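First to last, the sequence lines map onto chains H and L. According to the UniProt record's numbering, the first sequence is numbered sequentially starting from 1. According to the UniProt record's numbering, the second sequence is numbered sequentially starting from 1. Positions of the beta carbon are idealized from the N, C-alpha and C atoms, including for glycine. On a predicted model such as this, the values are computed, not experimentally measured, just so you know.
Number of protein chains: 2
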Amino acid sequence: MLPEHARTHNRALVLQTLYTEGAQSRADVARETGLTRVTVSDLVAALIAEGLVVELGQREDARPGKPATLIDVDREAFHIIGVDLSEHEVFRGAVVDLDGQILDRDEIARDGATGEAAVVLVERLVAKLLDRTTTPVLGIGIGSPGVVDPHGVVRSAPNLGWSDIALQERIATRFALPVHVANDANVGVLAEHGSSHHDDLLLIKIGHGVGAGLIIGGRPVIGGGFAAGEIGHVVVGTDGGPRCACGKDGCLEAWLAVPRLTAQLDELDELDERDEHHDGAASARDDILREAGRRLGIVLAPVVGALNLSEVVLSGPAELLDGPLHEATVDTLRTRTMAEHNRDLRLRMTEQAQDIVLRGAAVMVLSGQLGVS
Amino acid sequence: MLPEHARTHNRALVLQTLYTEGAQSRADVARETGLTRVTVSDLVAALIAEGLVVELGQREDARPGKPATLIDVDREAFHIIGVDLSEHEVFRGAVVDLDGQILDRDEIARDGATGEAAVVLVERLVAKLLDRTTTPVLGIGIGSPGVVDPHGVVRSAPNLGWSDIALQERIATRFALPVHVANDANVGVLAEHGSSHHDDLLLIKIGHGVGAGLIIGGRPVIGGGFAAGEIGHVVVGTDGGPRCACGKDGCLEAWLAVPRLTAQLDELDELDERDEHHDGAASARDDILREAGRRLGIVLAPVVGALNLSEVVLSGPAELLDGPLHEATVDTLRTRTMAEHNRDLRLRMTEQAQDIVLRGAAVMVLSGQLGVS
Chain H
1 MLPEHARTHN RALVLQTLYT EGAQSRADVA RETGLTRVTV SDLVAALIAE
51 GLVVELGQRE DARPGKPATL IDVDREAFHI IGVDLSEHEV FRGAVVDLDG
101 QILDRDEIAR DGATGEAAVV LVERLVAKLL DRTTTPVLGI GIGSPGVVDP
151 HGVVRSAPNL GWSDIALQER IATRFALPVH VANDANVGVL AEHGSSHHDD
201 LLLIKIGHGV GAGLIIGGRP VIGGGFAAGE IGHVVVGTDG GPRCACGKDG
251 CLEAWLAVPR LTAQLDELDE LDERDEHHDG AASARDDILR EAGRRLGIVL
301 APVVGALNLS EVVLSGPAEL LDGPLHEATV DTLRTRTMAE HNRDLRLRMT
351 EQAQDIVLRG AAVMVLSGQL GVS
Chain L
1 MLPEHARTHN RALVLQTLYT EGAQSRADVA RETGLTRVTV SDLVAALIAE
51 GLVVELGQRE DARPGKPATL IDVDREAFHI IGVDLSEHEV FRGAVVDLDG
101 QILDRDEIAR DGATGEAAVV LVERLVAKLL DRTTTPVLGI GIGSPGVVDP
151 HGVVRSAPNL GWSDIALQER IATRFALPVH VANDANVGVL AEHGSSHHDD
201 LLLIKIGHGV GAGLIIGGRP VIGGGFAAGE IGHVVVGTDG GPRCACGKDG
251 CLEAWLAVPR LTAQLDELDE LDERDEHHDG AASARDDILR EAGRRLGIVL
301 APVVGALNLS EVVLSGPAEL LDGPLHEATV DTLRTRTMAE HNRDLRLRMT
351 EQAQDIVLRG AAVMVLSGQL GVS
């Protein structure tokens, strides 16, 4: 390990220890990290100079000798801006503190904007969010639909009409702040990972499209072409299915995207209204959701089997996902894989609700700027 | 990073540099690794004492000053024992040198042995292999079918009648040597990774059963229940399929395992012999192989999509896999995923032929004992 790499690594280690364990003395940090007291004191001095770490006063304890000075990450020193471009109608943003709490929100209607007009909307939203905080900003995190490369270039986001848009560089230049851009589901899974006990985790994000975010061995998976998680256009089963916008029949998105599910349920409601003797609308509704869940299970079974995943998380409208759809996905996964290997598999709804991308964007900035997760 | 961790890391860095770059001076190693000359000299002295590194004499060059002494990994200092338990009829083993070359081989017929009798056969094979080398042995690597935990306990290998067999501990105690045991396909993918340019790699191993080995971001994936790659009993498609030994219909193994394919082809040959006017046997043969390949593609499409894999490798009998089966898998993968994301996907036959598990077992020992890959 190169000396400068060792220093960066040790700095992140000190920050991570303070971040997760809270206020403690320099000696505590040395014990916890295995670094020498001299190294810790040196790193802490630099972190105090940067304003990231603060002295809290002396510990009141009964230990003999000079009482130790407590230090902690200054959780109020910086804010983070999180932006979620994954919704069809609106770009949403938030001011997030270093503990991941959302302090303030704003949004901007997309009104069908694409291409350059959509980039301008992102800039306007970021400007509005920056106006809402007087605290220094650690960085800006953005979750975008589509394929995003490690330099934050949106290689392709058809919904927004984006192709090779260097969003990260553009926002960084405009606001002179560190910016991190990644795919929305890949960002979302970072938020979910924080509240999970597992180092292998799959997030399925169901909205206007269907995408996945994946963490394996504690590390995000981005894929050879930066398109990991792009499962919306994988064909489900061998019995056809609805025609998809991409031209294929029976893509996962054609079964499962929110507009598609909503349209099917609306059709059912209309049928119900026209014919007051029309029975079993509730069970017909359940059938539609159950079939969508079954289709999700069919696509996930090989992924769960190949990775031997312990945890799969669903994100999207709870009124659609959390019920027959969820149950059918679990049932299908169990009957289509080797049960004894996947006994511990847990499929659950996200705990982040609609804020999953905003919170994940903040985690991405914390980890990118401080090495803290 | 703890000081002793740093030392282990730096030692592996020095070994890795010598291992891949070949003979060079201590100063070259320092430049290459970014470590100080003092650190390198200190580590090299310890490695020479261990017999892992050797001085080769002085460089004949025109540079001014005292000519530098060349050092290298002593590639003849140690041998590795590799063992492959994945075949149905026979346990195979090899003596492998530090460069991964197979120097000698041996095997032992299984004769249907299971349980304790099968463990005794493994011991006997290892003893025979150790007899074939007078060079010190760095360690023993074993690829076993079934689910193997990180301590080398075979949790479950139905073919061998093994359940919670502490094979690693047992062989290590018997021979007083370091032993590493892992799943055969997970071992195999290590060998394949050596000859690949990709850090994401999926190996599909087709034999008596069907299993997969997976490397993501350069690291082996083992799964929450240590059963990553166990895709043999994932159900393919939604149109039924042959009854599998596990009781389900249409498992990947029921379509693709070698005994199943061979039986189908034999049936065709019999038909052909009985009726000399029976036409199109060759095209019927192709149809069987093509359908098997299509089924493999159906199961792999969601995995390739979710991971955005660049490379999938097939291992097994080339006369079955390398032709219509391979072609149909590629075609199916392309038509069932988003083509533009998986444009660079390459599906190829292994370059290790039948030795993939033996070579992978040697890589596992190299990496486990020396930190070298």
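Could you tell me which whole alpha helix (DSSP H) segments of length 4 or greater appear in the region 87-153 of chain L?
115-131
Okay, do the region 245-262 of chain H and the region 356-371 of chain L touch, 3+ Cβ pairs below 8 Å being the bar?
no
Measuring CB to CB, does residue 306 of chain L end up less than 8 Å from residue 214 of chain H?
yes
List, from N- to C-terminal side, the alpha helix (DSSP H) runs of 4 residues or more that fit wholly inside the region 293-328 of chain H.
318-321
Going by DSSP in three states, residue 238 of chain L sits in which element: helix, strand or coil?
coil
Contacts that residue 27 of chain L makes with chain H (C-beta to C-beta distance below 9 Å)
None at all; the shortest Cβ gap to chain H is about 16 Å.
Supposed contact pair residue 143 of chain H and residue 194 of chain H - C-beta distance, whole angstroms, cut 8 Å:
Their Cβ separation, rounded to whole angstroms, is 15 Å, which puts residue 194 of chain H and residue 143 of chain H out of contact at 8 Å.
Find the residues of chain L that neighbour residue 331 of chain H, judging by a C-beta separation of less than 8 Å, and give them in chain order.
Those within 8 Å of residue 331 of chain H in chain L number zero; the least Cβ separation is about 13 Å.
Kindly indicate the opening and closing residues of the alpha helix (DSSP H) around residue 264 of chain H.
258-274
Chain L residues whose Cβ lies nearer than 9 Å to that of residue 186 of chain H
The contacting residues do not exist; residue 186 of chain H stays about 11 Å from chain L at best.
Does the distance from the C-beta atom of residue 199 of chain L to that of residue 217 of chain L stay below 8 Å?
yes
Round the Cβ separation of residue 126 of chain H and residue 171 of chain H to the nearest angstrom and send it over; I've been treating them as touching at under 8 Å.
6 Å
Taking residue 147 of chain L as the query, report the chain H residues whose CB atoms sit under 8 Å from its CB, ordered along the chain.
341
Chain H contacts from the region 297-316 of chain L (Cβ-Cβ distance under 9 Å):
298, 299, 300, 301, 302, 303, 304, 305, 306, 307, 308, 309, 310 and 311
Alpha carbon to alpha carbon, what distance is there between residue 56 of chain H and residue 346 of chain L?
57 Å
How far does the alpha helix (DSSP H) with residue 192 of chain H in it extend, from its first residue to its last?
184-194
Given a limit of 8 Å on CB to CB distance, which residues of the region 199-228 of chain H reach chain L?
200, 202, 212, 214, 216, 217, 219, 221, 222, 223, 224, 225, 226, 227 and 228
Tell me, please, whether the CB atom of residue 267 of chain L is closer than 8 Å to any CB atom in chain H?
no
Is the Cβ of residue 233 of chain H closer than 8 Å to any Cβ of chain L?
yes
In the DSSP assignment, the alpha helix (DSSP H) including residue 72 of chain L goes from what residue to what residue?
From DSSP, residue 72 of chain L is part of no alpha helix (DSSP H) but of the beta strand (DSSP E) over 69-73.
Which of the three DSSP states is assigned to residue 372 of chain L in this structure?
coil
What do you get for residue 274 of chain H, buried or exposed, if any count of 16 or more other CB atoms within 10 angstroms of its CB means buried?
exposed
Among the candidates H:225, H:220 and H:371, whose CA atom is the shortest distance from the CA of residue 202 of chain H?
H:220
Quick check on DSSP: helix, strand or coil for residue 174 of chain H?
helix
Residue interval of the alpha helix (DSSP H) (run including residue 29 of chain L)
26-33
Residue 67 of chain H to residue 131 of chain H, Cα distance in whole Å?
42 Å
Mind reading off the beta-carbon distance from residue 370 of chain L to residue 15 of chain L? Whole number of angstroms is fine, and I expect it under 8 Å.
5 Å
Cα-Cα, which of H:73, H:86, H:104 and H:336 is closest to residue 181 of chain H?
H:86
Within the continuous alpha helix (DSSP H) that includes residue 42 of chain H, where are the two ends?
37-49
Interface positions of the region 239-261 of chain L facing chain H (Cβ-Cβ less than 8 Å), listed along the chain
239, 246 and 248
Cα separation between residue 233 of chain L and residue 75 of chain L?
42 Å
Kindly say whether residue 87 of chain L, judged by its beta-carbon, lies nearer than 8 Å to any beta-carbon of chain H.
no
Determine, using beta carbons only, whether residue 230 of chain H comes closer than 8 Å to chain L.
yes
Host beta strand (DSSP E) of residue 351 of chain L (start-end):
Run containing residue 351 of chain L: none; DSSP gives neither H nor E here.
Output the distance between the C-alpha atoms of residue 133 of chain L and residue 35 of chain H, rounded to the nearest integer angstrom.
44 Å
So, does the CB of residue 237 of chain L fall closer than 8 Å to a CB anywhere in chain H?
yes
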